[in-house]
Amino acid sequence: PQGEWYDWNSGEVLQGGRHVLAEAPLERMPLYVRGGAILPMAPERNADGAGQGGALTLDLYPGDGEFVLYEDDGHSLDYRQGAYSLRTLRLERSTGQLRLTIGARQGSWQPPERKLVLRLHGVPEYSRLGYTGGLYEIRHHLLTLEVEDEGAGRVLNFRL
Numbered sequence: 112p113q114g115e116w117y118d119w120n121s122g123e124v125l126q127g128g129r130h131v132l133a134e135a136p137l138e139r140m141p142l143y144v145r146g147g148a149i150l151p152m153a154p155e156r157n158a159d160g161a162g163q164g165g166a167l168t169l170d171l172y173p174g175d176g177e178f179v180l181y182e183d184d185g186h187s188l189d190y191r192q193g194a195y196s197l198r199t200l201r202l203e204r205s206t207g208q209l210r211l212t213i214g215a216r217q218g219s220w221q222p223p224e225r226k227l228v229l230r231l232h233g234v235p236e237y238s239r240l241g242y243t244g245g246l247y248e249i250r251h252h253l254l255t256l257e258v259e260d261e262g263a264g265r266v267l268n269f270r271l
């Protein structure tokens with residue numbers, strides 16, 4: 112398909128609209144992520160909910176995209192009575208800039224206290240972050256930013 116695609120394993124950016132012949136050893140199958148994708152990653156936990164908590168990681172791939180994050184306690188049926196939350200996350204790319212809008216949490220369920228770890232892929236090493244108040248680092252074209260998840264909305268601007 113058209114657009115930019117990111118190799119999950121190497122971070123290489125590929126232009127869509129063409130065929131790609133990729134090596135596919137069993138231990139590392141080719142996997143491509145569309146530009147604009149927002150992928151939530153949570154820590155591993157047991158089926159009984161043990162291990163719940165910890166940071167919520169969002170893997171972000173430059174481009175235009177939107178995602179609604181649904182969360183509940185992960186083990187009870189309380190969601191049937193409305194015990195869940197929703198959050199809209201939006202990536203918008205313009206010339207030399209990327210904006211991440213994290214909407215305010217909506218709903219009655221609140222996660223345990225945690226951090227948001229934002230991992231922005233495909234970032235030039237010289238990029239500047241238009242946000243203060245969190246720890247960040249850029250390595251191997253991956254910007255990692257850690258912020259408190261207070262449930263309020265926020266906007267982060269990146270210069271690419």
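112 is the number of the first residue of the sequence shown in the working numbering; add one for each residue after it. For glycine and all other residues, C-beta sits at the position ideal for the given N, C-alpha and C.
Check residue i in the structure and name its three-state DSSP category.
i      : result
Arg129 : coil
Asp118 : strand
Tyr143 : strand
Ser217 : At residue 217 the sequence reads Gln, which differs from the Ser that was named. In this structure, Gln217 counts as strand in the three-state DSSP scheme.
Gln113 : coil
Arg225 : coil
Mind checking residue i: buried by the 16 CB within 10 Å criterion, or exposed?
i      : result
Ser196 : buried
Arg198 : buried
Pro235 : exposed
Leu132 : exposed
Gly185 : exposed
His130 : exposed
Could you spell out the range, first to last residue, of the beta strand (DSSP E) harbouring residue i?
i      : result
Glu177 : 176-182
Thr168 : 167-171
Leu254 : 253-259
Thr206 : Careful: Thr206 lies outside any beta strand (DSSP E) and carries neither H nor E.
Pro151 : 149-152
Bridge partners for residue i per DSSP, in chain order?
i      : result
Val266 : Thr212
Arg230 : Asp170, Thr255
Problem set entry | Cβ contact check for the region 163-176 and the region 217-235: 3 or more pairs under 8 angstroms | yes
For this session: Check whether the region 139-150 touches the region 170-189, taking contact to mean three or more Cβ pairs, one atom from each stretch, closer than 8 angstroms.
Result: yes
Problem set entry | Three CB pairs or more closer than 8 angstroms across the region 182-194 and the region 248-261 | no
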